[in-house]
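Asker: The numbers in this note's numbering rise by one with no breaks, and the one at position 233 of the sequence shown is 291.
C-beta atoms are modelled at their ideal positions from N, C-alpha and C, and glycine is treated no differently.
Quick caveat, the model's predicted, so the values are computed rather than measured.
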Amino acid sequence: MLAVILAGGYGKRLRPLTDRIPKNLVEIAGKPIIVRQIEWLSRQGFKRFLLLTGYLSDKLIDYLGNGDKYGITIEYSKEEEPLGTGGAIRNAWEKISDEEVFLLVNGDIITDLSIYPLLNELEKDSDIVGVLSAVPLPSPYGVINFDRDGYIIRFIEKPLIDDYWINAGVYVFRRSVYEYLPVKGDLERTTLPRLASEHKLKVVKYMGVLWRSIDSFKDVEQTSQLIEKLESRIEH
Numbered sequence: 059m060l061a062v063i064l065a066g067g068y069g070k071r072l073r074p075l076t077d078r079i080p081k082n083l084v085e086i087a088g089k090p091i092i093v094r095q096i097e098w099l100s101r102q103g104f105k106r107f108l109l110l111t112g113y114l115s116d117k118l119i120d121y122l123g124n125g126d127k128y129g130i131t132i133e134y135s136k137e138e139e140p141l142g143t144g145g146a147i148r149n150a151w152e153k154i155s156d157e158e159v160f161l162l163v164n165g166d167i168i169t170d171l172s173i174y175p176l177l178n179e180l181e182k183d184s185d186i187v188g189v190l191s192a193v194p195l196p197s198p199y200g201v202i203n204f205d206r207d208g209y210i211i212r213f214i215e216k217p218l219i220d221d222y223w224i225n226a227g228v229y230v231f232r233r234s235v236y237e238y239l240p241v242k243g244d245l246e247r248t249t250l251p252r253l254a255s256e257h258k259l260k261v262v263k264y265m266g267v268l269w270r271s272i273d274s275f276k277d278v279e280q281t282s283q284l285i286e287k288l289e290s291r292i293e294h
């Protein structure tokens, strides 16, 4: 199966770092985001990748090449102007159209979630066009629990709010999604709402997985620290 990665963003909140490199090459614990994504998907059997590039695409292509050094093959589709996430997929359709089903991943996430539950859900329902992943909403703040008399019972540092779920940016789609893609515009504002309104989009909820979106310097720092801890445990 083909893994399609959205890799064309500007990463404005990571400037001045992203003045010279694309966001996907920002390092998390010593490795670029895109390399960590390739490793995550390679462990699940993905060998063919298509990167949808735009901003500073030459830097990304120079770094990754054709994928040989990672034991995979990489193709690229470049936007000449910003098209949005939905438009970027449509722009690359010649390279996707032969796929009955393909994986789509936002290029700024670090995760270890399994793709197989998404594929299983798609296979179970022939009427749907896609399945998206969801993770519990992470609170940006610490939470206080207290009793009726106002005595504090405990502090919970930035808990997951599991009554609310957010789009984790990992999807599987049938090729019939093409009918729902805009020429220009974001998937999240065009394709997904339309699919949902027609009951052609399902969700798989993931609990207890690693998932971080890299949008700011704080995200880089905190995710790097988390990855270093996890990798240190594995080594020992």
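In chain order, what residues of the same chain have a beta carbon less than 7 angstroms from the beta carbon of Gly200, not counting five sequence neighbours either side?
Answerer: Stepping through the sequence shown from its first residue, residue 200 is reached at position 142. Once the five neighbours on either side are set aside, the close Cβ partners of Gly200 are Phe213, Ile214, Glu215 and Lys216.
Asker: What is the residue span of the beta strand (DSSP E) that Arg270 lies within?
Answerer: For this step, residue 270 is matched to residue 212 along the sequence shown. Run containing Arg270: Trp269 to Ser271, per the beta strand (DSSP E) assignment.
Asker: Alpha carbon to alpha carbon, what distance is there between Glu237 and Asp273?
Answerer: What you label residue 273 is simply residue 215 of the sequence shown in a count that begins at 1. What you label residue 237 is simply residue 179 of the sequence shown in a count that begins at 1. The straight-line gap from Cα to Cα measures roughly 30 angstroms.
Asker: Put Gly227 into one of helix, strand or coil per three-state DSSP.
Answerer: Numbered from its first residue, the sequence shown carries residue 227 at position 169. If DSSP states are grouped into helix, strand and coil, Gly227 belongs with the strands.
Asker: Between the region 232-248 and the region 183-203, do at least 3 Cβ pairs fall closer than 8 angstroms?
Answerer: Yes: the two stretches touch, three or more of their Cβ pairs being nearer than 8 angstroms.
Asker: What are the boundary residues of the beta strand (DSSP E) that includes Pro74?
Answerer: Counting from one through the sequence shown, the residue named residue 74 turns up at place 16. Element bounds for Pro74: n/a, residue is neither H nor E.
Asker: Between Trp151 and the rest of its own chain, which residues show a CB-CB distance below 7 angstroms, the 5 nearest in sequence each way excluded?
Answerer: Along the sequence shown, one-based indexing puts residue 151 at 93. So the list reads Tyr236, once near-sequence residues are dropped.
Asker: Can you check whether the CB of Ser191 is closer than 8 angstroms to the CB of Leu218?
Answerer: Translated into positions along the sequence shown, residue 218 becomes position 160. Translated into positions along the sequence shown, residue 191 becomes position 133. Contact flag unset, no.
Asker: Would you identify the three-state DSSP class for Pro80, choosing helix, strand or coil?
Answerer: Here residue 80 refers to the residue found at position 22 when the sequence shown is read from its first residue. In this structure, Pro80 counts as coil in the three-state DSSP scheme.
Asker: Report, in whole angstroms, the separation of the C-beta atoms of Leu141 and Lys242, which I expect to be a contact under 8 angstroms.
Answerer: In the sequence shown, counting from the first residue as 1, residue 141 sits at position 83. In the sequence shown, counting from the first residue as 1, residue 242 sits at position 184. 5 angstroms between Cβ atoms; contact.
Asker: What do you get for Ser255, buried or exposed, if any count of 16 or more other CB atoms within 10 angstroms of its CB means buried?
Answerer: Taking the first residue of the sequence shown as position 1, residue 255 is located at position 197. It is exposed - the Cβ of Ser255 has fewer than 16 other Cβ atoms within 10 Å.
Asker: The alpha helix (DSSP H) with Val262 in it runs from where to where?
Answerer: Taking the first residue of the sequence shown as 1, we reach residue 262 at position 204. Segment Leu259 to Lys263 is the beta strand (DSSP E) holding Val262; no alpha helix (DSSP H) there.
Asker: Return the first residue and the last residue of the alpha helix (DSSP H) that Pro251 is part of.
Answerer: What you label residue 251 is simply residue 193 of the sequence shown in a count that begins at 1. Note, Pro251: alpha helix (DSSP H), Thr249 to Ser255.
Asker: Contact defined as beta carbons within less than 8 angstroms: I believe Asp40 pairs with Lys260. What is the distance between those atoms, to the nearest angstrom?
Answerer: Nothing about residue 40 can be read from this structure; the chain reaches only from 59 to 294.
Asker: Tell me, to the nearest whole angstrom, how far the beta carbon of Ile92 is from that of Leu122; I am working on the premise that it is less than 8 angstroms.
Answerer: Mapped onto the sequence shown, residue 92 falls at position 34. Mapped onto the sequence shown, residue 122 falls at position 64. Right, the Cβ-Cβ distance comes to about 7 angstroms (below 8 angstroms), so this counts as a contact.
Asker: What are the boundary residues of the beta strand (DSSP E) that includes Lys136?
Answerer: Working through the sequence shown from its first residue, we reach residue 136 at position 78. That run of the beta strand (DSSP E) goes Thr131 to Lys136.
Asker: Can you name the residues that DSSP bridges to Leu60?
Answerer: As a first step, residue 60 must be located in the sequence shown, where it is residue number 2. Answer is Arg106 and Phe160.
Asker: Which of the three DSSP states is assigned to Leu118 in this structure?
Answerer: Your numbering for residue 118 matches position 60 in the sequence shown. In this structure, Leu118 counts as helix in the three-state DSSP scheme.
Asker: Quick check on the burial criterion: 16 or more other C-beta atoms within 10 angstroms. Buried or exposed for Gln283?
Answerer: Stepping through the sequence shown from its first residue, residue 283 is reached at position 225. Label assigned to Gln283: exposed.
Asker: Quick one: is Lys276 buried, meaning 16 or more other Cβ sit within 10 Å of its Cβ, or exposed?
Answerer: In the sequence shown, counting from the first residue as 1, residue 276 sits at position 218. It counts as exposed.
Asker: Leu288 to Gln280, Cα distance in whole Å?
Answerer: In the sequence shown, counting from the first residue as 1, residue 288 sits at position 230. In the sequence shown, counting from the first residue as 1, residue 280 sits at position 222. Cα to Cα, Leu288 sits roughly 12 angstroms from Gln280.
Asker: Buried or exposed for Arg94, going by 16 or more other Cβ atoms inside 10 Å?
Answerer: Counting from one through the sequence shown, the residue named residue 94 turns up at place 36. It counts as buried.
Asker: To the nearest angstrom, report how far apart Ala226 and Thr143 are at their CA atoms.
Answerer: Reading the sequence shown from its first residue, position 168 is the one you call residue 226. Reading the sequence shown from its first residue, position 85 is the one you call residue 143. If I take the Cα positions, the gap works out to 15 angstroms.
Asker: Terminal residues of the continuous beta strand (DSSP E) containing Asn149?
Answerer: The residue given as residue 149 occupies position 91 in the sequence shown. That residue, Asn149, is in no beta strand (DSSP E); its alpha helix (DSSP H) goes Gly142 to Asn149.
Asker: Are the region 160-177 and the region 59-67 touching, with three or more C-beta to C-beta distances below 8 angstroms?
Answerer: Enough Cβ pairs lie closer than 8 angstroms, so yes.
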